[in-house]
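Participant: Let me begin by handing over the structure; questions about it come next.
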Amino acid sequence: MVKDRKLLEKFNREDKRRNRYSYQQSLRIFEALWQEACSLGILPLKNIVEGVEADFRIARAINYRR
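As structure tokens, then:
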């Protein structure tokens with residue numbers, strides 16, 4: 699979980715500026731992140747629609763207009 703969004707955004711900007719990744723490099727990074735998430739039990743999702751109803755209720759509350 700990201701605790702300091704501004705710090706992460708700064709890191710991403712600097713990383714993007716410093717490193718020009720090829721498609722193959724980007725794919726290797728993605729695959730490594732996917733494997734890490736799988737090993738932690740986060741991915742693959744067991745039920746994709748799980749929690750969607752709660753998300754809809756939150757979205758309705760946030761976007762409510764009088």
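Residue numbers are given in the working numbering: position 40 of the sequence shown equals residue 738, and the series is strictly consecutive. We put the CB at the ideal spot given by N, CA and C, even for glycine. Because the structure is a prediction, the values reported are computed rather than measured.
(1) Under a three-way DSSP split, which group does arginine 763 fall into?
(2) To the nearest angstrom, report how far apart alanine 730 and arginine 763 are at their CA atoms.
(3) How about leucine 743 and alanine 735: do their beta carbons lie closer than 8 Å?
(4) By Cβ distance, which residues of its chain are closer than 6 Å to glutamate 751, with the 5 residues on each side in sequence left out?
Facilitator: So, to answer that:
(1) coil
(2) 43 Å
(3) no
(4) none
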